[in-house]
Structure formats: structure tokens, C-alpha cells
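Visitor:
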Amino acid sequence: TESPSATKSATIKATQALIADQTTPPVVESKNINILVVEDTYINQVLVQNILQDAGFLYHLAENGCQALKALTTEGYDLILMDCQMPEMDGYEATRCIRNLDSETAATRPRVPIIAMTANALKGDREKCLACGMDDYMSKPILKADLLAKINHWLTKAVDNLNSSKPLDFNAAMAQVVTTPSTPTQADVPMNYDQALEEFGGKRELLNEVLGNFLTIGREQVANMAQAINTNDRETLHREAHSLKGGTANI
């Protein structure tokens, strides 16, 4: 039987091999690596889940910070991919809650790396992510090679803690939840279909399905923004515009 340390080492080497060969990515034997994806935009959810699935990782999806905290009470995760702007509880607040709980459980539960995923690429955004307790930062669009490189980097740094993260105490996690609004913080050419197909691992049917859903959801978001403008609903306008921006960037 292969030892846990040997399994972890093999997982990291396989991930490195996957990053090195983007044309025909093999399935990584990383069934013991569990990743929490916290993302509310459909396009980004599908893209990230597809990358993780092809790489062989286990993953769970949460659509906002509140769901992420609840997920952390039922299962241990080796790494968290955290969107920043989400309804109910954004990524900044969710990370602060997680880090507060980390300080209370440091003796029994390893610190889980958190990588920010944000549509913002302005000066100071990276610093804002790190200041709230995130470990790294990615601006959208999310590219397969970049995402896998980030994951590999943090799995390597946390190799001694892989598969050892325990669920949070439910009552302690829920005590951290406060419902606060997210902090608000053209190209003339069409999309590059061949590049998009490559990012989706050559899965043409999946990509076409995503594009169709993107157009449907996009029309709804534009209609919601128009209504928000008419009713002076700034919060809805900001939320829908940010979601549309993030999804469009990845398309």
C-alpha cells in the first residue's frame, strides 16, 4: 500500500506534468485533493469545475460566502478558490470569517490556502485580497494553465497538510455569518472560439452549451440592469454588471 506522503508527492508531480503539457492534459490521480470553489457566476463555475474535473481533483461548489462557511462545517478542504464579489456575503468577508476561525482552531486544524478570483484588475486589488487573509490572487479571465499553476504552487507549499483539514465547528462558523452587501469596489473583435475550445479541454459540446446559456443569462442580466437604472437600484445594478463582466471576460 502506498504511503500518504508518497501519494501526496505523486499528486504534485502529476499536477506539474499537467501544467507542462496543455495540449493533451492527462487525468491527474488527485482524488485525495479536495478543493472548495466559491463562485456565483455560471460561466466561471462551469469553466473552473471543468478544469478541476479534467485534472482529477475533488471539488465542491458554493455560490457565496455563507454557503462556503456552511460547506466548511461539513467537510475538510485542501484549498479554496474564492470569488470576491458575491451576493449575501462576499469573498473578502468570507475570508475574514475563515481566518478568524483559523486562529481559534490553529492547534487542531491546518490553515487552508485561499486563492482570490476577481474580475477586478486595478491597482490595490491584490493588496486588498491579501489584507483580508487570502494567500494569492488571480484576475479574470481564468486561464487553465494559470489556475493549475496557482493550485500546484499552493499544494506544494501545503504538502504536509494535504488531506488533513477537518471541518469547522458548525456553531462557530455560523456565528461568523453577518449578512452584508458586497463592497463596490470593448473589445471590437469577437471571441476566439479556438482558444475557448482549448480552455475547455476540447469539449465542443460543453462549450456550445455554455455559450448558449451565457447568451440567455446575459440577456436577463442586461434587462435587470435596465430595470435597476429605472428604479435607481444601485446595488442590483452593481451586482448584475459585475457578474456580466466576470462571465464575459472568461468567454
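Using this note's numbering, read the sequence shown as starting at 4 and increasing by one per residue.
From the three backbone atoms N, C-alpha and C, an ideal C-beta is built for every residue, glycine too.
#1: State the DSSP-derived secondary structure class of Asp-86, mapped to helix, strand or coil.
#2: Which residue marks the beginning of the beta strand (DSSP E) containing Asp-43, and which one marks its end?
#3: Considering only the alpha carbon of each residue, which of Asn-103, Val-40 and Ile-46 lies closest to Leu-218?
#4: Between Asp-43 and Asp-105, what straight-line distance do the alpha-carbon atoms span, to the nearest angstrom?
#5: Can you tell me the Cα-Cα spacing of Cys-69 and Thr-159, whole angstroms?
#6: Using only CA atoms, which one of Asn-37, Asn-53, Val-40 and Glu-78 lies nearest to Arg-207?
#7: Rounded to a whole number of angstroms, what is the C-alpha to C-alpha distance between Arg-237 and Ala-74?
#8: Going by DSSP, which residues form a beta bridge with Asn-35?
#9: Please name the residue in Ile-118, Thr-108, Thr-76 and Met-228 whose C-alpha comes closest to that of Val-51.
#10: Can you find the residues in the same chain that come closer than 6 Å, C-beta to C-beta, to Lys-248, ignoring five residues on each side of it along the sequence?
#11: Measuring straight from C-alpha to C-alpha, what distance separates His-63 and Gly-205?
#12: Leaving out five residues before and five after Thr-186 in sequence, what residues of the same chain have Cβ atoms less than 6 Å from its Cβ?
#13: Would Leu-61 and Asn-35 qualify as a contact pair, given that the criterion is a beta-carbon distance under 9 Å?
#14: Counting only the same chain and skipping the five closest in sequence on each side, list residues whose C-beta sits under 8 Å from that of Gly-250.
#15: So, helix, strand or coil for Met-228, using DSSP?
#16: Whose C-beta lies closer than 7 Å to the C-beta of Asn-227 among residues of the same chain, with five residues either side of it excluded?
#17: Going by CA-CA distance only, name the one from Glu-96, Leu-146 and Lys-153 that's closest to Leu-200.
#18: Cβ atoms of Asp-138 and Pro-116: under 9 Å apart, would you say?
Guide: Walking through what the data contain:
#1: Stepping through the sequence shown from its first residue, residue 86 is reached at position 83. Taken through DSSP and simplified to helix, strand or coil, Asp-86 comes out as strand.
#2: Residue numbering aside, residue 43 sits at position 40 when the sequence shown is read from its first letter. First-last for Asp-43: undefined, no H or E at that position.
#3: Counting from 1 along the sequence shown, the entry for residue 218 is found at position 215. If we check each option's Cα against that of Leu-218, Ile-46 comes out closest.
#4: Reading the sequence shown from its first residue, position 40 is the one you call residue 43. Reading the sequence shown from its first residue, position 102 is the one you call residue 105. Cα to Cα, the separation comes out at about 24 Å.
#5: Residue 69 sits at position 66 when you count from the first residue of the sequence shown. Residue 159 sits at position 156 when you count from the first residue of the sequence shown. Using only the alpha carbons, I get a separation of about 28 Å.
#6: Residue numbering aside, residue 207 sits at position 204 when the sequence shown is read from its first letter. Per the C-alpha coordinates, the member of Asn-37, Asn-53, Val-40 and Glu-78 positioned closest to Arg-207 is Asn-53.
#7: Start at 1 with the first residue of the sequence shown, and residue 237 comes out as number 234. Start at 1 with the first residue of the sequence shown, and residue 74 comes out as number 71. C-alpha separation (whole angstroms): 30 Å.
#8: As a first step, residue 35 must be located in the sequence shown, where it is residue number 32. Assignment of beta-bridge partners to Asn-35 by DSSP yields no partner.
#9: Here residue 51 refers to the residue found at position 48 of the sequence shown. The residue from Ile-118, Thr-108, Thr-76 and Met-228 with its alpha-carbon nearest to that of Val-51 is Ile-118.
#10: Numbered from 1 along the sequence shown, position 245 holds the residue referred to as residue 248. Here the set comprises Ala-122.
#11: If you number the sequence shown from 1, residue 63 lands on position 60. If you number the sequence shown from 1, residue 205 lands on position 202. The straight-line gap from Cα to Cα measures roughly 23 Å.
#12: The residue given as residue 186 occupies position 183 in the sequence shown. Bear in mind that a pLDDT of 40 at Thr-186, under 50, signals an unreliable position, so the model cannot answer this.
#13: Reading the sequence shown from its first residue, position 58 is the one you call residue 61. Reading the sequence shown from its first residue, position 32 is the one you call residue 35. By the CB criterion at 9 Å, Leu-61 and Asn-35 fall inside the cutoff.
#14: To locate residue 250, count along the sequence shown from 1; it is residue 247. Correct list, in chain order: Thr-44, Tyr-45, Ile-46, Asn-47, Phe-217, Ile-220 and Gly-221.
#15: Here residue 228 is taken as the residue at index 225 of the sequence shown, counted from 1. Three-state DSSP puts Met-228 in a helix.
#16: In the sequence shown, residue 227 corresponds to position 224, counting from 1. Excluding positions up to five away in sequence, the list reads Thr-239 and Glu-243.
#17: As a working note, residue 200 is residue 197 in the sequence shown. For Leu-200, the nearest C-alpha among the options comes from Leu-146.
#18: Indexing the sequence shown from 1 puts residue 116 at position 113. Indexing the sequence shown from 1 puts residue 138 at position 135. Yes, the Cβ-Cβ distance between Pro-116 and Asp-138 is below 9 Å.
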